[in-house]
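Shown next, in structure tokens, is the structure this report addresses.
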Amino acid sequence: MVWKESLQEAACTHSQSDPCPVVLDCLRSAEPLCELRHNGKTPWQAAEENQVVVRIGLGSCGIAAGAKKTYNYFKSQLAKSGELKDRVVLKKTGCLGLCSHEVVVSVEKSDRVVFFKNVNIERASEILELYIQGDSLPEDGVLGIVRKDQEDGQKIGSLQAYLNSRVLLQNAGLIDPSSFDEYLASGGMAAFAGALKMQRRGEEGRMLSAILAAMSKSGDFCIEKERLVEFKERSGEKTVVLRALEQDTSSFTVRTILESDPYSAVEGLMVICVLLGASRGLVFLDPKFKNARVLLEDAVCQLQEAGLLGEEVLGSGFSLRIEVFPGLESAVCAEDGAVFAAVLGDRPKPGSSGKAQGGSLTCHLEDAVYAVRLGALWPGWSEHPFKGEIPETQVVSLLGRVENAGCIEVPLGTSLREIVYDYGGGVENRKVLKALQIGGASGGFLPARLIDTPLDQGLLQTLGIKRFGSILVLDQDCCIVDQTYYSLKEMSGHSCGLCIPCREGLFRLVEMLGSIKRAGQGPENLKRFQILSQLEKLAETIRDTSRCSHGSSAVTPLLTGLTYFKDEFRAHIFEERCPANQCKGLLKFKIDAELCTGCSICRERCPEDAIIGQSKFSHFIIEDRCTSCGICHEVCPFGAVSFS
Amino acid sequence: MEEVKVAVNGTTYSARNDQTILSLCRDIGIDIPTLCSADCLDTRENCRICVVEVVGKARLVPACSTPIAPGMEIWTHSERVKRARKTVLELLLANHPEDCLICLKNGECEIQDLAKEFGIRERRFVGLKKEQGTDLSSRAIERDPNKCVLCGRCVEICSEKQDVGALDYHHRGFDTIIGPVSGELASSDCVFCGQCVLTCPTGALRERSALKNVWTAISDPGKKVAAVVSPAAKVGLFRAREPQTVDGLLVGALKTLGFDYVFDMSIANRLYLELLALEVKERKAGGGPPVIPAFCPAVMALVEKRYPKLLPFASEVKSPGQIAGILAKRYLEQKEDLSPRDLFVVEIKPCTAAKEEANRTGSAQNGYQPVDGVLTTRELERMFLTSGIKEEKLEMKPFDEPFTNLYPCLGLLETAGGIVQALHEAGCRGELRKAKGLKAFRDIEEFADCDLLEVYACPMGCIGGGGANIHSFTEAKKHRVRLAALSIGEGEKPLEEAEKAYAQIKTDIVSEKSAVFYREKAGVGVRSRS
Chain H
1 MVWKESLQEA
11 ACTHSQSDPC
21 PVVLDCLRSA
31 EPLCELRHNG
41 KTPWQAAEEN
51 QVVVRIGLGS
61 CGIAAGAKKT
71 YNYFKSQLAK
81 SGELKDRVVL
91 KKTGCLGLCS
101 HEVVVSVEKS
111 DRVVFFKNVN
121 IERASEILEL
131 YIQGDSLPED
141 GVLGIVRKDQ
151 EDGQKIGSLQ
161 AYLNSRVLLQ
171 NAGLIDPSSF
181 DEYLASGGMA
191 AFAGALKMQR
201 RGEEGRMLSA
211 ILAAMSKSGD
221 FCIEKERLVE
231 FKERSGEKTV
241 VLRALEQDTS
251 SFTVRTILES
261 DPYSAVEGLM
271 VICVLLGASR
281 GLVFLDPKFK
291 NARVLLEDAV
301 CQLQEAGLLG
311 EEVLGSGFSL
321 RIEVFPGLES
331 AVCAEDGAVF
341 AAVLGDRPKP
351 GSSGKAQGGS
361 LTCHLEDAVY
371 AVRLGALWPG
381 WSEHPFKGEI
391 PETQVVSLLG
401 RVENAGCIEV
411 PLGTSLREIV
421 YDYGGGVENR
431 KVLKALQIGG
441 ASGGFLPARL
451 IDTPLDQGLL
461 QTLGIKRFGS
471 ILVLDQDCCI
481 VDQTYYSLKE
491 MSGHSCGLCI
501 PCREGLFRLV
511 EMLGSIKRAG
521 QGPENLKRFQ
531 ILSQLEKLAE
541 TIRDTSRCSH
551 GSSAVTPLLT
561 GLTYFKDEFR
571 AHIFEERCPA
581 NQCKGLLKFK
591 IDAELCTGCS
601 ICRERCPEDA
611 IIGQSKFSHF
621 IIEDRCTSCG
631 ICHEVCPFGA
641 VSFS
Chain Y
645 MEEVKVAVNG
655 TTYSARNDQT
665 ILSLCRDIGI
675 DIPTLCSADC
685 LDTRENCRIC
695 VVEVVGKARL
705 VPACSTPIAP
715 GMEIWTHSER
725 VKRARKTVLE
735 LLLANHPEDC
745 LICLKNGECE
755 IQDLAKEFGI
765 RERRFVGLKK
775 EQGTDLSSRA
785 IERDPNKCVL
795 CGRCVEICSE
805 KQDVGALDYH
815 HRGFDTIIGP
825 VSGELASSDC
835 VFCGQCVLTC
845 PTGALRERSA
855 LKNVWTAISD
865 PGKKVAAVVS
875 PAAKVGLFRA
885 REPQTVDGLL
895 VGALKTLGFD
905 YVFDMSIANR
915 LYLELLALEV
925 KERKAGGGPP
935 VIPAFCPAVM
945 ALVEKRYPKL
955 LPFASEVKSP
965 GQIAGILAKR
975 YLEQKEDLSP
985 RDLFVVEIKP
995 CTAAKEEANR
1005 TGSAQNGYQP
1015 VDGVLTTREL
1025 ERMFLTSGIK
1035 EEKLEMKPFD
1045 EPFTNLYPCL
1055 GLLETAGGIV
1065 QALHEAGCRG
1075 ELRKAKGLKA
1085 FRDIEEFADC
1095 DLLEVYACPM
1105 GCIGGGGANI
1115 HSFTEAKKHR
1125 VRLAALSIGE
1135 GEKPLEEAEK
1145 AYAQIKTDIV
1155 SEKSAVFYRE
1165 KAGVGVRSRS
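Chains H and Y supply the protein sequences, listed in that same order. Position one of the first sequence corresponds to residue 1 (my numbering), numbered consecutively onward. Position one of the second sequence corresponds to residue 645 (my numbering), numbered consecutively onward.
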């Protein structure tokens, strides 16, 4: 890979075989020339001859899958056997991003690293006996094998190729997130060294190009260039707020990065602070990220102890403070104004001309980490910006009806088909793909026929969204109306309530969608037929008039749904039929007299007393009373209740 | 500042580049409807009623906050804009009670005006409405969240202009409401200044009406009802008439309504001033802290609730309204030979905080309240309306003796700066300072070495009070001019005679001065919390 070669050129004389003995001292020197680059991107260096390193993914998803049990099992087994205790080192790592394979355990032995998936205690004992003590691989449960000395082929699906292609997630799941030493060993702090060097030499022009390149990841400026320049030139105390918030409601990319590689996040913020001359950095954290908060605070402490943060960093005359600020969740802090208001302790609302705005700037977590990765190239770079030298990637949370859900990193321009079928392993249970919802609750629907669209800016423009973090896979059993209803409901509930279109309009849309999800009665039907045109007009008005992007993006699912799946909306409204059989309110239930044994369970459970019948004789549903709740269908032990 | 050319509705105009689209359009005579932005307030961008189309922008932009840019092409009333505005208003109406006919603001409601302007004839969106109870906890202001359109004006005026911060947004989405944190105004930081009532475009915030009590008292044959009229209340009434006829017309109108006695507040004002001057002198001699006059009940409420450490600063002299009530009751007690229970004194003043003050148990004298009801100017106008009183047909009548308008110039007490000016004129020496609004308490240290600190809660004093019948700040300015016009002249009697009459009243009624006019010293209790 081109960018990795340029890394090698930029590196100092130290290498893996001859590591920099004084990593921190080197940074402290007047000219931190050592780029701390040990060996590109492979962090494996711990295993000595005959030593085995077992790493267990203890990210949030790993813990949820039972990683703590597996970890404790390994620990107790190692403690039991003296021979194993000497040979095997047990380590914790963050999340690899392959959530459906959790618990993931990697075993580093001789020249290769084997990744095991779904490691429960049973499988763990198998690994211990067969692979660690013996030398044969268990038959199943191997996720992939990475050879330390051999570049793997480019085929996607090979774990080694995938791990090598990652940029932002390069350390995720491979190093111990709480260990500063491992971060340094994997090439950390090189960007900070590069930034400090530029700052000490007073290379203002270079610093500006560097920050512009860093903050313009994927060509999408999160802030305008002018504002960035203005902020850089501003004197006085400045604050950079790192938005450690998810890009959309269903994404978990930010959490994955924070939990697997917190040092990269902090270093990114440090680098941006140095380049912009800001003396204070604030990590604005979603309060739900409890594990990440512990890791981040720990990282800041470690960096302070190492003298890389605080007054007069490394004798440079430059002071830098980093604080971890548990703020508010991303859904209410979409706008910068809201973030600043929250920092000041106010109610988050958009575009409030906050007092902090002048001396503050926000940056996205992805941009900060991208700056760290770019920073590794700074020493060797003099004139031209290096944009394009690092592959541009997108971290995506893949979820929904997909075989392998998880947080993956793909090169920009990868087609959605590749993402769903190659990275994600296809639709769950081999069902037919219906649509993708890109961008969480405020994201747009893309029908299955457009699945060959590449993932890039063009796609986002088509859908009318700015940034996204997740791709939700919907199969043939998903109802678009239902999905739109719940998306809008979530966005409506998170509206700050200041402007009318977003506060009232979204609520009315939810009401209208709710009403077409159930059968109409009598005069209601007249109203029902108008809903289709009303939905579209109202959605357009909300998009046109709402105060901030929360409201205007909230209608995206509805507008894209109406563009690509209008027939489904029509079926709900005019035919009172849900093609995917998801909207229970539209289903008509019937008891098959042949199959019914008259057990009366349905009659007793029916909340509306809509079922009549004598015991041991077949029962009937009174249509007028039935609210289509579906309980009878669920409880019938003989499968006699069917719906249409 | 530069001149730039912009096109509005196809015509090119030159504009200053520091203007917003809204101010430019107002300058050139194009009317853009607004809801959340109001006179002198910074609320903007909330209502989205003022959106306009700017060629080249994908979305509609709010005229109130979008600055003019050179070469801008603006369409203020295109089909798209009109439809968007109408839809936004329809959305608002869908969540608004349909009780216009029985609403306090019927006819003067800004939402009604907009609905009329946009020609709304049907309810397109029907669904859930918010259902919250009305907050009747305070005796001055009631809050009906159902009528609230969440424009945010009251939040802005309460926290930014008044520096009280009792109101704010709560919850999110459809459940968003504006109100005090506790849900009840009485237990919140609210000082009852009523500025929120003035700015509210709908009937969501309104004064607690005393009308029912007053009407009952008037119709009760066993009760004698006396009205005490404050100078600031006169300002808002009979505005088309000559200043010197206002007193007569007002008394005539009140007598027609059925008030048995109509008194002027000028004697009480005079007495208040005298006692205040005395207190300033005593405090100065004793080396005490500066005096904060208890003239404004909202100021006192703020001191009590937010700055209890400043309670020793507060003056011990009751407000002129309370003094007037005591005087009236004492006088009528002797004259009519009635128990105080059969007397009903109504203070007429454009003040909502006075309603709270009148009801405090701490202000009771010998077991009865000096003032039984407070009518704001707006409420009085409503009484005129109900009784069919027409300005043109009114008969002029004089104030009842002995509390006539002896000192018209003391009317100026009710504008900002009035107390200091009057004290100066009365020969009170010492450093008397004026503070601008309630924000002054934030940096009270600045005023530590003065002898008196005059604070009015409302902008421009009582004429801009929360009970005034004004709709904007500009109107309040007109009121100030009017008050100045009302306050000139000799009064009903020449000064010499007035002084004699005043001395007479003092000896007749005010026998035990300290007991009546001074607050109890106990615990520096300016007012005990009721």
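We put the beta carbon where it would ideally sit given N, CA and C, even for glycine. No experiment lies behind these values; they were computed from the predicted model shown.
Pick from the options: whose alpha carbon is nearest that of residue i?
i, options, result
"Y/Phe1047", "Y/Arg974, Y/Leu954, Y/Cys708 and Y/Lys925", "Y/Arg974"
"Y/Val873", "Y/Thr1020, Y/Gly1105, Y/Leu1029 and Y/His1068", "Y/Thr1020"
"H/Lys238", "H/Ala278, H/Leu130, H/Tyr485 and H/Thr484", "H/Ala278"
"H/Gly464", "H/Ile611, H/Ala376 and H/Ala554", "H/Ala554"
"Y/Pro875", "Y/Val858, Y/Pro865, Y/Val895 and Y/Lys868", "Y/Val895"
"H/Cys578", "H/Leu436, H/Ala185, H/Leu412 and H/Gln483", "H/Gln483"
"H/Ile542", "H/Cys502, H/Phe574, H/Ser495 and H/Leu532", "H/Cys502"
"Y/Arg797", "Y/Ile822, Y/Pro1052, Y/Gly969 and Y/Glu1119", "Y/Ile822"
"H/Val332", "H/Thr253, H/Glu540, H/Met491 and H/Thr597", "H/Met491"
Short check: CB of residue i to CB of residue j, under 9 Å?
i, j, result
"H/Leu474", "H/Leu488", "no"
"H/Gly62", "H/Cys95", "yes"
"Y/Pro1033", "Y/Leu829", "First, the residue type needs correcting, since residue 1033 of chain Y is Ile and not Pro in the sequence shown. Not in contact: Y/Ile1033 and Y/Leu829 (Cβ atoms no closer than 9 Å)."
"H/Leu296", "H/Leu258", "yes"
"H/Ala368", "H/Leu498", "no"
"H/Arg603", "Y/Arg692", "no"
Buried or exposed, going by whether 16 or more other CB atoms sit within 10 Å of the CB of residue i?
i, result
"Y/Met944", "buried"
"H/Arg570", "exposed"
"Y/Arg1086", "exposed"
"Y/Pro824", "buried"
"H/Ile156", "For H/Ile156, the pLDDT reaches just 44, beneath the cut-off of 50, and the residue's location in the model is therefore unreliable, although a value from the coordinates is still provided. By the 10 Å Cβ count, H/Ile156 comes out exposed."
"H/Gly219", "Legend: pLDDT at H/Gly219 = 45, less than 50; position of this residue unreliable, no value from coordinates given."
"Y/Ile1114", "buried"
"Y/Cys840", "buried"
"Y/Leu772", "exposed"
Give the residues of chain Y in contact with residue i, contact being defined as C-beta atoms less than 8 Å apart.
i, result
"H/Arg508", "Leu735, Ala738, Phe769 and Gly771"
"H/Ser552", "Arg703"
"H/Glu311", "Near H/Glu311 there are no residues of chain Y at all, since even the closest Cβ is about 32 Å away, more than 8 Å."
"H/Glu237", "Going along chain Y, no residue has its Cβ under 8 Å from H/Glu237, so there is no contact; the nearest lies around 23 Å."
Pull the bridge partners of residue i from the DSSP assignment, please.
i, result
"Y/Arg1077", "Y/Leu1097"
"Y/Gln1013", "BP columns for Y/Gln1013 are empty, so no partner."
"Y/His814", "Y/Ile821"
"H/Ala172", "According to DSSP, which records beta bridges pairwise, H/Ala172 is partnered with nothing at all."
"H/Cys650", "This structure leaves residue 650 of chain H out entirely; chain H is present only between 1 and 644."
"H/Pro326", "H/Leu285"
"H/Thr93", "H/Gly57"
Taking Cβ-Cβ distances shorter than 8 Å, what residues in chain H pair up with residue i?
i, result
"Y/Ala728", "Thr541, Asp544 and Thr545"
"Y/Leu685", "Residues of chain H passing the Cβ test: none, with the nearest at roughly 14 Å."
"Y/Asp812", "Arg347"
"Y/Val695", "Asp544 and Thr545"
"Y/Asn690", "Leu498, Cys499, Ile500 and Arg547"
Closer than 9 Å by beta-carbon distance: list the chain H residues that pair up with residue i, in chain order.
i, result
"Y/Gly817", "Met491, Ser492, Gly493, His494, Ser495, Cys496, Gly497, Cys502, Arg503, Leu506 and Phe507"
"Y/Thr820", "Ser495, Cys496, Gly497, Leu498 and Arg503"
"Y/Gly796", "Leu498"
Taking residue i as the query, report the chain Y residues whose CB atoms sit under 7 Å from its CB, ordered along the chain.
i, result
"H/Ser538", "A small correction: the amino acid at residue 538 of chain H is Leu; Ser does not occupy that position in the sequence shown. Near H/Leu538 (Cβ distances below 7 Å), the residues of chain Y are Thr731."
"H/Glu335", "Here the premise fails: no neighbours, minimum Cβ distance about 12 Å."
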